[in-house]
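Heads up: the sequence lines are chains A and B, in that order.
The numbering of the first sequence is the working numbering, which starts it at 2 and goes up by one.
The numbering of the second sequence is the working numbering, which starts it at 401 and goes up by one.
Glycine is no exception: its CB is placed at the ideal position from the N, C-alpha and C atoms.
In this text, all values refer to a predicted model and were calculated from it rather than measured experimentally.
Notes to accompany the following structure.
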Amino acid sequence: MKKTIITVVGKDAVGIIAKVCTYLANNQINIEDISQTIVQGYFNMMMIADAGESKKSFNDMACDLEAIGDEIGVKIRCQHEDIFTKMHRI
Amino acid sequence: MVNIFEVYETNKMIEQEKLDVRTITMGISLLDCADSDLDNLNKKIYDKITGKAKNLVSTGREIEREYGIPIVNKRISVTPVSLIGGCACKTPEDFVTIAKTLDKAAKDTDVNFLGGYSALVSKGMTPAEKNFIHSIPKALASTERVCSSVNIGSTKTGINMDAVKLMGEIIKETAEATKDTGSFGCAKLVVFCNAPDDNPFMAGAFHGVTEGDAVINVGVSGPGVVKRALEKVRGENFEVLCETVKKTAFKVTRAGQLVAQEASERLGVPFGIVDLSLAPTPAVGDSVAEILEEMGLESVGAPGTTAALALLNDQVKKGGVMASSFVGGLSGAFIPVSEDQGMIDAVNRGALTLEKLEAMTCVCSVGLDMIAIPGSTTASTISGIIADEAAIGMINQKTTAVRLIPVVGKDVGDTIEFGGLWGHAPIQQVNRFSCEEFINRGGRIPAPIHSFKN
Numbered sequence: 002m003k004k005t006i007i008t009v010v011g012k013d014a015v016g017i018i019a020k021v022c023t024y025l026a027n028n029q030i031n032i033e034d035i036s037q038t039i040v041q042g043y044f045n046m047m048m049i050a051d052a053g054e055s056k057k058s059f060n061d062m063a064c065d066l067e068a069i070g071d072e073i074g075v076k077i078r079c080q081h082e083d084i085f086t087k088m089h090r091i
Numbered sequence: 401m402v403n404i405f406e407v408y409e410t411n412k413m414i415e416q417e418k419l420d421v422r423t424i425t426m427g428i429s430l431l432d433c434a435d436s437d438l439d440n441l442n443k444k445i446y447d448k449i450t451g452k453a454k455n456l457v458s459t460g461r462e463i464e465r466e467y468g469i470p471i472v473n474k475r476i477s478v479t480p481v482s483l484i485g486g487c488a489c490k491t492p493e494d495f496v497t498i499a500k501t502l503d504k505a506a507k508d509t510d511v512n513f514l515g516g517y518s519a520l521v522s523k524g525m526t527p528a529e530k531n532f533i534h535s536i537p538k539a540l541a542s543t544e545r546v547c548s549s550v551n552i553g554s555t556k557t558g559i560n561m562d563a564v565k566l567m568g569e570i571i572k573e574t575a576e577a578t579k580d581t582g583s584f585g586c587a588k589l590v591v592f593c594n595a596p597d598d599n600p601f602m603a604g605a606f607h608g609v610t611e612g613d614a615v616i617n618v619g620v621s622g623p624g625v626v627k628r629a630l631e632k633v634r635g636e637n638f639e640v641l642c643e644t645v646k647k648t649a650f651k652v653t654r655a656g657q658l659v660a661q662e663a664s665e666r667l668g669v670p671f672g673i674v675d676l677s678l679a680p681t682p683a684v685g686d687s688v689a690e691i692l693e694e695m696g697l698e699s700v701g702a703p704g705t706t707a708a709l710a711l712l713n714d715q716v717k718k719g720g721v722m723a724s725s726f727v728g729g730l731s732g733a734f735i736p737v738s739e740d741q742g743m744i745d746a747v748n749r750g751a752l753t754l755e756k757l758e759a760m761t762c763v764c765s766v767g768l769d770m771i772a773i774p775g776s777t778t779a780s781t782i783s784g785i786i787a788d789e790a791a792i793g794m795i796n797q798k799t800t801a802v803r804l805i806p807v808v809g810k811d812v813g814d815t816i817e818f819g820g821l822w823g824h825a826p827i828q829q830v831n832r833f834s835c836e837e838f839i840n841r842g843g844r845i846p847a848p849i850h851s852f853k854n
């Protein structure tokens, strides 16, 4: 199963990570790595997640997370890991 | 494992620098559709295309969703129709029925363009091919999504000057037949020398006869990404400049390679090639001209432009070749006028002439592309421009093409608006001296000496 990269970009606020993690836990999506940084004043978080055990389709997961993002005022994207590894690794 | 900065960089390219995959083009062979009965032929063509490509658009959208990279166009290219219709089509009107069938198939599969209403006449023309070429104006006027191309020369065969003469007339007729839409039909018609069999880009895409039954070709893009990368190395020497272009082209092409492989796997159709092209759009920040200006030119068209374009083209290929297992198509930098805001601005400020564009085509990936000229330009002058471009291609062993739009009723100083990806263009001055006697000679120009390599 391909890993999913979840990125959260936006203004920092209380409870962003909690909301995303709660959703992932409720849907049997395992978080393998989390990192975060501030780039040009914006909160940037990246999660590497394994949705192999989840019953959600990729599209549903992406839509749900986008909706959570809209709710808390940040942009959440889900992408397969390959787009990044292909581009940055030989 | 990927890190957050790499993820940030990729997403910045997509969101802010307009990185996209410009097209997934499915090449479909129609060779097995040939039939002596016109109705049967049309039915077979329609069934083959809609069968093979029924999931093309939905698969493209899926990939777009899962990788988060836009795939702007999903398209189809088919075997040159002049070859398929030769047996059934006795008149140009018969060929037009095939164009309409292709248009319907394109609409029903939801692709935005379908290429391959084409003829390969680089050495000679059969009667069927002549009929076919005569059908082009009506075919383009009576369809929306069909694109046409004619290959009139190659390094191996020389230039078919009879076809060059004919194409000058056909471009004029097409302009007239589509005058209500700003002679837009001509934007869907390309005249090639050394046309590639596996080009995924319109309007010149067709599925060559050396190809398999179906194939997936992908065209990448990303002028904005290259421009942004070069902003960071302002004032540095050429070594640094070239390395930056190369590394950026590598990353852009890797995205294309990934999309191509995924599409090929999901559709069960073999992967053909990735076309490493910098294809501009009229959107701000998606311009090849801006890259050249970022290198240090006040405006595209200034002395130094050809050198800047040459190095850009070469570095794009060097970076891209390593990123993909198969490259092909046109691969390089496109320099269409109407589809690139930086080029339009350069023409408007008087910096970029048709002659300078011709010089640039010696080192870019294609040719004189999307250039609007006065509607009063004669057919022989258009043929002369085609012959010049074909000569550049033939001698330099590269693909060259001409896509001129002699806009009926417009003259230098006017502008024509095509809309969307096609952009808008100022009408450009054409040299007023005649080449009619030269074009009227007929026959063909022999292949150059360096083509005899056996």
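Have a look at the options and flag the residue whose alpha-carbon is nearest the alpha-carbon of residue i.
| i | options | result |
| --- | --- | --- |
| B/ASN455 | B/ILE424, B/LEU441, B/ALA434 and B/VAL481 | B/ILE424 |
| B/VAL807 | B/ASN831, B/THR578 and B/ASN594 | B/THR578 |
| A/LYS76 | B/TYR408, B/LYS504, B/ILE498 and B/ASN531 | B/TYR408 |
| B/ARG832 | B/LYS500, B/LYS627, B/ALA505 and B/PRO774 | B/PRO774 |
| B/PHE838 | B/SER783, B/ASP580 and B/ALA505 | B/SER783 |
| B/LYS490 | B/VAL669, B/GLY619 and B/LEU438 | B/LEU438 |
| B/LEU441 | B/VAL511, B/GLU836, B/PRO846 and B/LYS500 | B/LYS500 |
| B/LYS418 | B/ALA655, B/VAL721 and B/GLY701 | B/ALA655 |
| B/PHE495 | B/GLY485, B/HIS607 and B/LEU502 | B/GLY485 |
| B/LEU647 | B/GLY635, B/SER542, B/ALA453 and B/VAL625 | Residue 647 of chain B is actually Lys in this sequence, not Leu. Out of B/GLY635, B/SER542, B/ALA453 and B/VAL625, B/VAL625 has the C-alpha closest to the C-alpha of B/LYS647. |
| A/GLY42 | A/THR23, A/GLY11, A/ASP34 and A/MET88 | A/GLY11 |
Name the DSSP beta bridge partners of residue i, please?
| i | result |
| --- | --- |
| B/HIS824 | B/GLU817 |
| B/PHE592 | B/ASN551 and B/ALA801 |
| A/LYS76 | A/VAL10 |
| B/PRO806 | B/ILE773 |
| B/GLY624 | None, per the DSSP bridge assignment. |
| A/GLN37 | A/MET46 |
| B/PHE671 | B/ILE616 |
| B/SER677 | B/GLY732 |
| B/ILE477 | The amino acid occupying residue 477 of chain B in the given sequence is Ser; Ile does not appear at that position. Paired residues: B/GLY427 and B/GLY515. |
| B/LEU520 | B/ASN551 |
| A/HIS81 | A/THR5 |
| B/ASN560 | B/ARG844 |
Determine whether the Cβ of residue i lies closer than 8 Å to any Cβ atom of chain B.
| i | result |
| --- | --- |
| A/ASN28 | no |
| A/ALA63 | yes |
| A/THR38 | yes |
| A/GLN41 | no |
| A/ASP34 | yes |
| A/ASP83 | yes |
| A/ILE17 | no |
| A/THR23 | no |
| A/SER69 | Here residue 69 of chain A turns out to be Ile, not Ser, going by the sequence shown. Answer no: the Cβ-Cβ gap between A/ILE69 and chain B never drops below 8 Å. |
| A/LYS57 | no |
| A/ASN60 | yes |
| A/LYS87 | yes |
| A/ILE77 | no |
| A/ILE141 | With chain A covering 2 to 91 only, the question about residue 141 of chain A has no answer from this structure. |
Within 10 Å of its beta-carbon, does residue i have 16 or more other beta-carbons around it, so buried, or fewer, so exposed?
| i | result |
| --- | --- |
| B/PHE818 | buried |
| B/PHE638 | exposed |
| B/HIS850 | exposed |
| B/GLY612 | exposed |
| B/SER436 | exposed |
| B/THR509 | buried |
| B/ASP740 | buried |
| B/PRO596 | buried |
| B/PHE584 | buried |
| A/ASN27 | exposed |
| B/MET401 | exposed |
| B/GLY668 | exposed |
Using 8 Å as the limit for Cβ to Cβ distance, is residue i near chain A?
| i | result |
| --- | --- |
| B/THR658 | Looking at the sequence itself, residue 658 of chain B is Leu, so the reference to Thr does not match. It does; some Cβ of chain A falls within 8 Å. |
| B/ILE469 | yes |
| B/VAL402 | yes |
| B/LYS556 | no |
| B/PRO466 | Note that residue 466 of chain B is Glu in the sequence shown, not Pro. So, interface residue. |
Report yes if the C-beta of residue i is less than 7 Å from at least one heavy atom of the ligand FAD; otherwise report no.
| i | result |
| --- | --- |
| B/GLY460 | The ligand FAD is absent from the structure shown, which contains no ligand whatsoever. |
For the stretch 822 to 834 of chain B, list every residue whose C-beta sits within 7 Å of some C-beta in chain A, in sequence order.
Against chain A - using a Cβ distance shorter than 7 Å - the stretch 822 to 834 of chain B contributes no residues.
Compile a chain-ordered list of the residues in the stretch 405 to 435 of chain B whose CB is closer than 7 Å to at least one CB of chain A.
Along the stretch 405 to 435 of chain B, going in chain order, the ones with a CB nearer than 7 Å to a CB of chain A are GLU406, VAL407, TYR408, THR410 and ASN411.
Beta carbons nearer than 7 Å to chain A: which residues of the stretch 717 to 728 of chain B have them?
Shown here is that no member of the stretch 717 to 728 of chain B has a Cβ falling below 7 Å from a Cβ of chain A.
Under 9 Å (Cβ pairs) to chain B, residues found in the stretch 43 to 55 of chain A:
Correct list: ASN45, MET46, MET47 and ILE49.
Any C-beta of chain A within less than 7 Å: which residues of the stretch 520 to 532 of chain B qualify?
So nothing in the stretch comes that close.
Give me the subset of the stretch 630 to 660 of chain B whose CB atoms are less than 8 Å from a CB atom of chain A, sorted by chain position.
Answer set for the stretch 630 to 660 of chain B: LYS651, ARG654, ALA655, GLN657 and LEU658.
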